[in-house]
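S.K.: One structure is given below, represented as structure tokens, and several questions about it will come after.
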Amino acid sequence: MQNLFEAAEIITSNLLYRQIIHNFDNMFHPQDALLLVPVTNCSSDLEVVEVIGALPTSLSYTDGAALFAELPALARDIAISNEFPHYNNLIKFAGSDGHIYAYLLFSAEKVELSELRKFASSCTQLLSIKNAIDSLPDMVKTQSKLKYQISFFASTINNVFEPYGIEVLIRLYMEIISELFLLPAAVALKADGSYYRPVYAKGVHIKEFEGFRLETEPFKRNWNLKTYPSFLSDLTEEQLGQFNYAALTQWSSYLLAPVSYGDQDYLIICVSCESSRFDDADKTSLIALSNTINHAVQFNYARENLMLTNQALDQKVYSLTTLYHAAQIIFSNNNLADTLSSALDMVMEIFQSSISAVVLKNSLDDNFKLFNVKSIHTIDRMEYLFNSPPISLPMRHLLIDYQDPEQKEEFLTLFPDFAGLEEQLQPVLIAQLARENHYYGFISLSTRVTGQSYDQTDKELLTLLINSITIAIENALILKELETTNAMLDESLQNLYAIQEVLTTIRQAERIEDFCQLLASALNLGLGVESMSIIGKDSDGWELLQGDMKLDAKVSSKLNSISSTVLGSFLEQEDTEQSLVVPISHHDQIQGFLIIDAFKGTTIEDGEKTRLLTMISVIIGETFNNLLEKKAVSKFGFDNYPRLIMHRLRKQMNFLKDLGLDVNILKFTNPDPETVLMDCVGWSEGFVLRPDTGVIVSPLAQEDIIEKISSLTTQYCFISAASDEEIYTHLFV
2 MQNLFEAAEI
12 ITSNLLYRQI
22 IHNFDNMFHP
32 QDALLLVPVT
42 NCSSDLEVVE
52 VIGALPTSLS
62 YTDGAALFAE
72 LPALARDIAI
82 SNEFPHYNNL
92 IKFAGSDGHI
102 YAYLLFSAEK
112 VELSELRKFA
122 SSCTQLLSIK
132 NAIDSLPDMV
142 KTQSKLKYQI
152 SFFASTINNV
162 FEPYGIEVLI
172 RLYMEIISEL
182 FLLPAAVALK
192 ADGSYYRPVY
202 AKGVHIKEFE
212 GFRLETEPFK
222 RNWNLKTYPS
232 FLSDLTEEQL
242 GQFNYAALTQ
252 WSSYLLAPVS
262 YGDQDYLIIC
272 VSCESSRFDD
282 ADKTSLIALS
292 NTINHAVQFN
302 YARENLMLTN
312 QALDQKVYSL
322 TTLYHAAQII
332 FSNNNLADTL
342 SSALDMVMEI
352 FQSSISAVVL
362 KNSLDDNFKL
372 FNVKSIHTID
382 RMEYLFNSPP
392 ISLPMRHLLI
402 DYQDPEQKEE
412 FLTLFPDFAG
422 LEEQLQPVLI
432 AQLARENHYY
442 GFISLSTRVT
452 GQSYDQTDKE
462 LLTLLINSIT
472 IAIENALILK
482 ELETTNAMLD
492 ESLQNLYAIQ
502 EVLTTIRQAE
512 RIEDFCQLLA
522 SALNLGLGVE
532 SMSIIGKDSD
542 GWELLQGDMK
552 LDAKVSSKLN
562 SISSTVLGSF
572 LEQEDTEQSL
582 VVPISHHDQI
592 QGFLIIDAFK
602 GTTIEDGEKT
612 RLLTMISVII
622 GETFNNLLEK
632 KAVSKFGFDN
642 YPRLIMHRLR
652 KQMNFLKDLG
662 LDVNILKFTN
672 PDPETVLMDC
682 VGWSEGFVLR
692 PDTGVIVSPL
702 AQEDIIEKIS
712 SLTTQYCFIS
722 AASDEEIYTH
732 LFV
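Residues are numbered in the numbering used here as their position in the sequence shown, beginning at 1, plus a constant of 1.
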């Protein structure tokens, strides 16, 4: 009964309008569409019930029917009215008596006229039923025939939902239609390729319809014709096709009722007699009956499928449970050899392979090794190495049917040496161990102990097991690599502790030569620096302090171009190899470089090396600068103070020039030159020449320097930076 009321609700409510506009949208894809219906039966006032796209300016139109009175029932590419600027097409859904049930306005491109007519015809049938029902003052209370039909239908609902097969349901459907609507005979047809052919009959012998058939194509094209019951009197030759229309007319067909069972289509044809008459109430009951029968058919179709697959499902559940336990055993091993041994045991136990073998890629090189062989018979220990495959791996098939000549040839292209093991291993299936572009090897399975072949279900289960084995092998390899890496990291950690001790010693170095030797030893021990050079900056340019690097004008020019104190620059050597350049800076001024040519024997990642080298360069920056200054002092002599000042002054001037800045030198006199230099530290670098004299170097313009220095001292003068001799003369002579 619930299905009947649901069908009645679709007909008697706006759900029908929603279904019409939904089907129209799916079939013709309009940009905009508007469905209008009379406010009441036979009213000229219209109201909007469904919209696609642009919203209308109003939801109701007084005397709206007059706007369309002069337009044809199917109008295309016209200006309908100023009230509806978005639409240029019109469909009037009108009955045979000229009564209009609804108006559909839309705008769309390339709509076939024949398709529009089919759509209009099918929708008009449903709208006429709705109009007839809406015209009844009280459908249930006043229509005794409909009450009888509802009562009869309610008594049969339980029957159609019994666990019957499709044959029983089709016959039951024919019986219900005949009893409910007093039709003398019916025949059920089944779609077979391009035609419907008779399979069951009621009220007539099936042999009478032996040569009867209908084309299926018109039903495939027309959704309503394939879904809902139809009366031949409401259908046209264009809708049914000339062949079908002639055949149905010849047999006095009255009613067509479609039924779908999965992907199989049936069609019930009821033959009429002179007294057969269907009113609108009958049509309502028929649609409700059709809807319920189709629900029952689909219900039984689902039930049948569940029953048919239940046994296979039970078997699959059992197999999956077996695979789950097998995976637990395989994953319980951390050692690679134990993992492979357990994997072969599970393969032989589940699939009854008489001989199984596993070939795995050797971690030390690119070749493949026969790691393990197991057999139900006693066999000698086998060792075998395969050359590296000549083409990329893996193959197209995860499971290779070795008895298929094409797949066998493809596999032997990768492993030609495997042909020499055919007699010992007797391969039938080859399962490849591959995961995310990593190829680990393969497992071979021979003929089964039971003598059965491997069917599709076996191959599906084997695929699942092989995926688990591959992950287990991957985990074992990763664990082995982690253990190896952990041992190396322990060693590297000890090396890093040694670096810390050496760096502490380095910062206590008295000479730049000792500093460089200790630093090279520390980097070799802790970071695996195999070859490096150390370069320092003096007043004359760059000086090689450690290493065999050729410090020519070309290299010096490249070093001068490095303005950043961030690690990561590279110098191209003559042999086209690149060296890592680590700036050594102090107070944001580059004082030298570590030129690293190669690393060796370390597990520290590149990112960690970069971080450590950056830290080391920061730690040693101050000590490196002080030792360079100390070397300069030693070079000029401890008593040659003017030369030392000139050295430091030249370094500052070169630094400003490297940055592309101007250089201005100012000599001043003040009883407390240290105080003046402290006040100028934000915009200059300065030195004390005598107890009452100082000198500053600044990139500022002379007028800016004068403005700043005037508040500190009144006795000052600028010195030309043309040559060191001229500067020396102005400062010290």
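Ideal Cβ placement from N, Cα and C applies to all residues, glycine included.
On a Cα-Cα basis, can you pick out the residue from 674, 307, 259 and 272 that is closest to residue 293?
M.R.: 259
S.K.: Expressed to the nearest angstrom, what Euclidean distance is found between the alpha-carbon atoms of residue 355 and residue 608?
M.R.: 51 Å
S.K.: Return the chain-ordered list of same chain residues with a C-beta closer than 7 Å to the C-beta of residue 649, the five sequence neighbours on each side being excluded.
M.R.: 688
S.K.: Leaving out five residues before and five after residue 469 in sequence, what residues of the same chain have Cβ atoms less than 6 Å from its Cβ?
M.R.: 328
S.K.: What is the DSSP secondary structure of residue 723, counted as helix, strand or coil?
M.R.: The answer is coil: DSSP assigns residue 723 none of H, G, I, E or B.
S.K.: Would you kindly check if the distance between the Cβ of residue 55 and the Cβ of residue 106 is under 8 Å?
M.R.: no
S.K.: Is DSSP giving residue 353 helix, strand or coil here?
M.R.: For residue 353, the three-state secondary structure derived from DSSP is coil.
S.K.: Which residues does DSSP list as the beta-bridge partners of residue 88?
M.R.: Note: residue 88 sits in no beta bridge, so no partner.
S.K.: With C-beta atoms as the reference, is residue 643 less than 8 Å away from residue 733?
M.R.: yes
S.K.: Comparing alpha-carbon positions, which option in 621, 374, 600 and 590 lies nearest residue 581?
M.R.: It is 600.
S.K.: In chain order, which beta strand (DSSP E) runs of at least 3 residues are fully inside the region 246-295?
M.R.: 254-262 and 265-272
S.K.: So residue 678 and residue 695 are in contact, right, with Cβ under 8 Å, and what is the actual spacing, rounded?
M.R.: 6 Å
S.K.: Looking at the secondary structure, which residues open and close the beta strand (DSSP E) in which residue 670 lies?
M.R.: 665-670
S.K.: Mark residue 285 as exposed unless 16 or more other C-beta atoms lie within 10 angstroms of its C-beta, in which case mark it buried.
M.R.: buried
S.K.: Report the residue from 236, 19, 191 and 114 whose alpha carbon sits nearest the alpha carbon of residue 122.
M.R.: 236
S.K.: Do residue 535 and residue 523 come within 8 Å of each other at the CB atom, strictly closer than that value?
M.R.: no
S.K.: Look at residue 175 and residue 192 and say whether their C-beta atoms are less than 8 Å apart.
M.R.: no
S.K.: Ends of the alpha helix (DSSP H) at residue 235?
M.R.: For residue 235, no alpha helix (DSSP H) encloses it, and the DSSP letter there is neither H nor E.
S.K.: So, helix, strand or coil for residue 595, using DSSP?
M.R.: strand
S.K.: Please specify which runs of the alpha helix (DSSP H), each continuous and at least 4 residues long, are wholly inside the region 398-452, giving them in chain order.
M.R.: 406-415 and 423-426
S.K.: What separation, rounded to the nearest whole angstrom, lies between the Cα atoms of residue 119 and residue 18?
M.R.: 17 Å
S.K.: Can you look up residue 694 in the DSSP assignment and give me helix, strand or coil?
M.R.: strand
S.K.: Determine, using beta carbons only, whether residue 108 and residue 31 come nearer to each other than 8 Å.
M.R.: yes
S.K.: Using the three-state DSSP reduction, which class does residue 384 fall into: helix, strand or coil?
M.R.: coil
S.K.: How far does the beta strand (DSSP E) with residue 543 in it reach, from first residue to last?
M.R.: 542-547
S.K.: Rank 219, 189 and 350 by C-alpha distance to the C-alpha of residue 205 and give the top, closest one.
M.R.: 189
S.K.: Whole angstroms are fine: how far does the CA of residue 619 sit from the CA of residue 590?
M.R.: 12 Å
S.K.: Excluding five sequence neighbours on each side, which residues of the same chain lie with their C-beta closer than 6 Å to the C-beta of residue 632?
M.R.: 513
S.K.: Give a yes or no on contact between the region 197-212 and the region 90-106, applying the rule of three or more CB pairs nearer than 8 Å.
M.R.: no
S.K.: Comparing alpha-carbon positions, which option in 458, 268 and 531 lies nearest residue 170?
M.R.: 268
S.K.: So, helix, strand or coil for residue 579, using DSSP?
M.R.: In this structure, residue 579 counts as strand in the three-state DSSP scheme.
S.K.: Using 8 Å for Cβ pairs, my map puts residue 668 next to residue 596. What's the rounded Cβ distance?
M.R.: Contact doesn't hold; Cβ gap of about 39 Å is too wide.
S.K.: Considering only the beta carbon of each residue, do residue 49 and residue 37 sit closer than 8 Å?
M.R.: yes
S.K.: Give me the residue from 380, 246 and 701 with the minimum Cα distance to residue 1.
M.R.: Given a span of 2 to 734 for the chain in the structure shown, any question on residue 1 remains unanswerable.
S.K.: Which partner residues of residue 360 appear in the DSSP bridge assignment?
M.R.: 371 and 443
S.K.: Kindly list the residues whose CB is nearer than 6 Å to the CB of residue 451, restricted to its own chain and excluding five residues on each side of it in sequence; keep chain order.
M.R.: 353
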